[in-house]
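Trainee: The sequence shown begins at 1325 in my numbering and counts up one residue at a time.
Every residue, glycine too, gets a C-beta built ideally from N, C-alpha and C.
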Amino acid sequence: MASGFGSWHCLVAFFFVLGIGSLSCRAAAASGPYNVSQLRNCNLYEGSWVYDDSYPLYDASNCPFISEGFDCQKNGRPDKDYLKYRWKPTGCDLPRFDGRDFLERQRGKKIMFVGDSLSNNMWQSLACMLHSAVPGSKYFLTEEGKLSNFSIPEYGISVMWLKNGFLVASVAEKIGKVLKLDTINQGNEWKGNDMLIFNTFHWWLHEGESRTWDYFRVGNKTVKDMDHMEAYGIALTTWAKWVDANIDPMKTQVFFQGAAAAHYFGKDWNEPGVRTCQGQTEPVKGSVYPGPTLPGDGIVEKVLSMMEKPAKLLDLTLLTQLRKDGHPSIFAGQGKAFDDCSHWCLAGVPDTWNELLNAVLLQINPVQTKGTGLAPTPQPGVASGPHPGPASSPQPEAAPASSPQPVAGTPPSISSPPVPAPGTTPPSSASPPAPAPGAPASSHEPDAAPQSHHGPKSAGHAVLPAYVGHVLVQLAPVLFLILLL
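(1) Report the rounded CA-to-CA distance for residue 1651 versus residue 1588, giving the unit in angstroms.
(2) Return yes when the Cβ of residue 1582 is within less than 7 Å of the Cβ of residue 1524, no when it is not.
(3) Report, in whole angstroms, the separation of the C-beta atoms of residue 1540 and residue 1503, which I expect to be a contact under 8 Å.
(4) Please give me, in chain order, every unbroken run of the beta strand (DSSP E) with length at least 3 that falls completely inside the stretch 1595–1639.
(5) Could you tell me whether the stretch 1537–1554 touches the stretch 1564–1573, using the rule of 3 or more Cβ pairs below 8 Å?
(6) Exposed or buried, which one is residue 1688 when buried takes at least 16 other CB atoms within 10 Å?
(7) Report all residues from its chain with a CB closer than 7 Å to the CB of residue 1543; omit the five preceding and five following residues, and keep chain order.
(8) Indicate the three-state DSSP secondary structure (helix, strand or coil) for residue 1544 in the structure shown.
(9) Assuming residue 1436 is part of the beta strand (DSSP E), what are its boundary residues?
(10) Identify the continuous beta strand (DSSP E) that holds residue 1581 and give its terminal residues.
(11) Please report how far the alpha carbon of residue 1677 lies from the alpha carbon of residue 1638, in whole angstroms.
(12) Apart from the five residues just before and just after residue 1400, which ones in its own chain have a Cβ nearer than 7 Å to its Cβ?
(13) Look up residue 1537 in the DSSP assignment and say whether it is helix, strand or coil.
(14) Judging by CA-CA distance, which residue of 1443, 1661 and 1481 is the nearest neighbour of residue 1432?
(15) Since residue 1522 sits in a beta bridge, which residues does DSSP pair it with?
(16) Less than 7 Å between the beta carbons of residue 1891 and residue 1585, yes or no?
(17) Give a yes or no on whether the minimum CB-CB distance between residue 1379 and chain C is below 7 Å.
(18) How long is the line joining the alpha carbons of residue 1547 and residue 1493, rounded to whole angstroms?
(19) Looking only at DSSP bridge pairs, what is residue 1495 linked to?
(20) Spatial neighbours of residue 1528 within its chain, please: CB distance less than 6 Å, with the 5 preceding and 5 following residues excluded, ordered by chain position.
(21) Near residue 1501, which residues of its chain fall below 8 Å by C-beta distance, leaving aside the five closest residues on each side in sequence?
(22) Using 8 Å as the Cβ pair cut-off and three pairs as the minimum, do the stretch 1612–1631 and the stretch 1378–1390 touch?
(23) For a quick check, are the C-beta atoms of residue 1513 and residue 1486 less than 7 Å apart?
(24) By how many angstroms is the C-alpha of residue 1603 removed from the C-alpha of residue 1636?
(25) Would you check if the distance between the CB atom of residue 1375 and the CB atom of residue 1427 is smaller than 7 Å?
(26) State the Cα-Cα distance for the pair residue 1396 and residue 1442, rounded to the nearest angstrom.
(27) Out of 1686, 1393, 1595 and 1566, point me to the one whose CA is closest to residue 1668's CA.
(28) Going by DSSP in three states, residue 1731 sits in which element: helix, strand or coil?
(29) Mind checking whether residue 1438 and residue 1522 have CB atoms under 7 Å apart?
(30) Closest by CA to residue 1576, which one among 1366, 1419, 1455 and 1517?
(31) Output yes or no for whether 7 Å exceeds the beta carbon distance between residue 1674 and residue 1647.
(32) Could you have a look at residue 1381 and say whether DSSP puts it in helix, strand or coil?
(33) If I follow the unbroken beta strand (DSSP E) through residue 1485, where does it start and stop?
(34) Do you know how far the Cα of residue 1534 is from the Cα of residue 1662?
(35) What did DSSP end up calling residue 1670 once you bin it into helix, strand or coil?
(36) Classify residue 1695 as helix, strand or coil using the three-state DSSP reduction.
Here it is in structure tokens:
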């Protein structure tokens, strides 16, 4: 009898330890493979680029979401060292991105990037980073109007890009295109997301024919022109007021993607004989950029500091200033007549932007909760893994005609060729125009998404079994004790 009683005790102890071990493993998995403590009080944006042969984080040839203009290797770029650099903050190490851990921590969440083609650059990067972490997981890519949506139903996660170059309203009237600096007209699409990453900057620098608007308006006052950085400040203040009035920080995290540098003038990095970024194969050494600050430097920081609701700045300026080698240049799929020194190759520098986003999320909350909403269930007619067409191609963007600071984000007319950088030969008018951002991309797949024998997975179905499994494992010791009694 005693022996049997002891055996029962052993079994109970075994299942109890099993349950505790499960809890411990879940806690470890939630915090991820990161040394979170070293991130505390670390300035992630002061540092330098160091060569690391373990990079890039993914193989661009295996990522079906990269636009032609970002796919430098596919477009024939011969060098690869630009893929091998990682950002090293001065006071800590930037955690290497772990896609599976990110998916677990952001399970069930809706993440939306809102901004111009550099926002698109960052969105495509994150889509590639997540897809490469779970290449066997079913995914969907939908494009409707200005919204592109990448989702992985297994994790209930949706990562979106909503094209909006100014954040404020841009309306077509009889007099022409009017920028309404005190009006938000896309706000309803921003609501209901767990994470928002906003961006706007380069389009505000456009001058002359590269401008995509005709008038500014504040209230009832309409003017043909005004100081562009003053207009930028008014627009950002309008955006900030919208966030303060409409966002619950307990439900939605807000980030602002800082300005990324362009490289059209070699004198900015102490090479006065160099005209553009063409032929650059390595970063600027050190942690100080010798060139000028960006126009309007400090406007974003000032606006963010006055907000009632918190919005975190992803300060990308210095780390992008140092990466003169990271642009597509003549390998943007537009031929050698166009020199793109505004966008960024993928894989490449934007992957670091997402590593920084991940690091800031870890600083805020090392163990994050699951999202409040699940990714929307994909509808028929969307691109689905494993072989959808690429996301919308970015419009080629030109250096400004009259401004000393190069810009990005100009969406040329569909019917007209892109404006080349100063000093370059305009592309042939016979060249096919790039599709507008947000327009449905071409695909080798039929319109209807290929489905499994059981139909497409819904996000809810993907999340529920995980929860059930966790609960059963935790309750196993208790249930066993009840049976003994």
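Mentor: Checking against the coordinates, here is how it stands:
(1) 11 Å
(2) no
(3) About 5 Å separates the CB atoms of residue 1540 and residue 1503; that is less than 8 Å, so the two are in contact.
(4) 1636–1638
(5) no
(6) exposed
(7) 1506
(8) coil
(9) 1434–1439
(10) 1577–1581
(11) 8 Å
(12) Once the five neighbours on either side are set aside, the close Cβ partners of residue 1400 are 1655.
(13) Three-state result, residue 1537: coil.
(14) Distance from the Cα of residue 1432 is smallest, within the candidate group 1443, 1661 and 1481, for 1481.
(15) 1438 and 1580
(16) Any answer about residue 1891 is impossible in this case: the structure gives the chain only from 1325 up to 1809.
(17) The structure shown contains no chain C; it is built from a single protein chain.
(18) 15 Å
(19) 1502
(20) 1552 and 1556
(21) 1494, 1495, 1536, 1537, 1538 and 1539
(22) no
(23) Yes, Cβ-Cβ distance for residue 1513 and residue 1486 is below 7 Å.
(24) CA-CA distance, residue 1636 to residue 1603, rounds to 35 Å.
(25) no
(26) 16 Å
(27) 1393
(28) Below a pLDDT of 50, predicted positions are generally treated as unreliable, and residue 1731, at 34, falls in that range; the measurement from the model is reported next regardless. Correct three-state label for residue 1731: coil.
(29) Against a cut-off of 7 Å, the Cβ pair of residue 1522 and residue 1438 comes out as a contact.
(30) 1517
(31) no
(32) Of the three classes helix, strand and coil, the one that applies to residue 1381 here is coil, per DSSP.
(33) 1481–1487
(34) 15 Å
(35) coil
(36) Because the pLDDT of residue 1695 is 49, which lies under 50, any placement of that residue in the model is unreliable, and the number read from its coordinates should be weighed accordingly. If DSSP states are grouped into helix, strand and coil, residue 1695 belongs with coil.
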